[in-house]
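Engineer: Quick one: the structure is below, questions incoming.
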Amino acid sequence: MSKISININGREIVALADQTILQAATNNGIDIPHLCYDERIKPYGACGLCVVEVEGSPKLVRSCAAFVQNGQVIKTNTPRTVTARKTALELLASDHRGDCRPPC
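Residues in the sequence shown are numbered from 130 upward in steps of one, following the working numbering.
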């Protein structure tokens with residue numbers, strides 16, 4: 130697979146063209162919170178905790194389901210992403226009392 134260059138939080142990194150933003154970040158020691166991602170299954174971005182800002186995109190992007198593109202500029206920890214993650218986690222927790230068993 131071909132290698133591409135992306136920028137995450139001001140850091141230039143090399144990623145494989147078939148990687149998601151989450152995979153590329155994780156492989157380069159950059160933490161993006163996530164809950165539903167599992168490398169063994171097709172990504173679908175259900176939990177919404179892995180959102181990032183991608184330059185040129187008006188909407189937040191779910192990093193577990195979005196593939197890297199050459200020259201992308203990504204920010205993982207902005208006030209906007211933090212607020213969106215808190216909201217997503219509150220929604221997930223709103224219908225769980227904490228006594229459920231997987232899969233709930």
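For every residue, glycine included, the Cβ atom is placed at its ideal position computed from N, Cα and C.
Here the structure is a predicted model, which is why all the values come from computation and not from measurement.
How far does the alpha helix (DSSP H) with Val197 in it reach, from first residue to last?
Structural biologist: Against the sequence shown, residue 197 aligns to sequence position 68. Run containing Val197: none; DSSP gives neither H nor E here.
Engineer: Could you tell me the boundaries of the beta strand (DSSP E) in which Ile137 lies?
Structural biologist: The residue labelled residue 137 in the question sits at position 8 within the sequence shown. From DSSP, the beta strand (DSSP E) with Ile137 extends over Lys132 to Ile137.
Engineer: Between the alpha carbons of Gln147 and Val197, how many angstroms are there, rounded?
Structural biologist: As a first step, residue 147 must be located in the sequence shown, where it is residue number 18. As a first step, residue 197 must be located in the sequence shown, where it is residue number 68. A small fix is needed here, since residue 147 is Asp in this sequence, not Gln. Each residue's Cα considered, the two are about 7 angstroms apart.
Engineer: Consult DSSP for Glu141 and reduce its assignment to one of helix, strand or coil.
Structural biologist: Within the sequence shown, residue 141 is the residue found at index 12, counting from 1. Here Glu141 sits in strand by DSSP.
Engineer: Any idea if Ser223 is buried or exposed, counting beta-carbon neighbours within 10 angstroms, 16 or more meaning buried?
Structural biologist: Mapped onto the sequence shown, residue 223 falls at position 94. By the neighbour-count rule (16 or more Cβ atoms within 10 Å), Ser223 is not buried but exposed.
Engineer: Alpha carbon to alpha carbon, what distance is there between His163 and Asn156?
Structural biologist: Counted from its first residue, the sequence shown places residue 156 at position 27. Counted from its first residue, the sequence shown places residue 163 at position 34. In a straight line, the C-alpha of Asn156 is about 15 angstroms away from that of His163.
Engineer: Can you give the Cα-Cα distance for Ala153 and Leu221, rounded to whole angstroms?
Structural biologist: Against the sequence shown, residue 153 aligns to sequence position 24. Against the sequence shown, residue 221 aligns to sequence position 92. Going from the Cα of Ala153 to the Cα of Leu221 covers about 26 angstroms.
Engineer: Cα separation between Asn138 and Gly185?
Structural biologist: Position 9 of the sequence shown, counted from the first residue, corresponds to residue 138. Position 56 of the sequence shown, counted from the first residue, corresponds to residue 185. So the alpha carbons of these two residues sit roughly 15 angstroms apart.
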